[in-house]
Amino acid sequence: MSVQSTLGPPLHPAVRFMRVTVAVQAAVILAQAFTAGLLLSSVPEGRTLHSALTGAVLLAVVANLVAAALVWRRGGGSPRVVAQSVPMVVFTVLQAALGATHVRELHVPLGVLMFGASVMLAMRVWSAGDGTAR
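Last residue of the sequence shown? That's 139 in our numbering, and every number before it is there in order.
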């Protein structure tokens, strides 16, 4: 029995891309939480790092949305993954605006929500055998 037959069919490149983007998205949002802690602890570099990661988060969520659309459009993916990826882009833009205007009362809980949603999406994508997350 070959290794390939025990692992199942190879994943479509779009599925691999989505798995990578959703993992990067969760990691970058987690990094944002660490830099937020630095910022709230009055570490001088905290504000700079937190602001710099904003672009990385936006890039990660947009890349994940593109990957979700590619998986869905190839015919094997669930449109639910796209529907769950769209709010992440909206939340990221809202987060940037709330952070820039220093509205911590909404900025911090929305960040927690975004991380939780990102982890849930990652679990959904990675637990599906073929990555289609039906």
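C-beta: ideal position from N, C-alpha, C; glycine also.
Just so we're clear, the structure is a prediction, and the values are computed from it rather than from any experiment.
Under a 10 Å Cβ-count criterion, F22 is classified as buried, with 16 or more other Cβ atoms of the shown protein chains found around its own Cβ. DSSP places R52 inside the alpha helix (DSSP H), whose first and last residues are P49 to R78.
Per DSSP, P15 is not a residue of any alpha helix (DSSP H), being assigned neither H nor E. Here L58 is near A36, since their CB atoms are less than 7 angstroms apart.
In this structure, A28 lies away from V76, with their beta-carbon atoms at least 7 angstroms apart.
Following the DSSP letters along the chain, one finds G82 in no alpha helix (DSSP H), marked with neither H nor E. Looking at the backbone, the Cα of R24 and that of V48 are separated by about 34 angstroms. The closest CA to that of A61, considering only T97, L43, G121 and L45, is found on T97.
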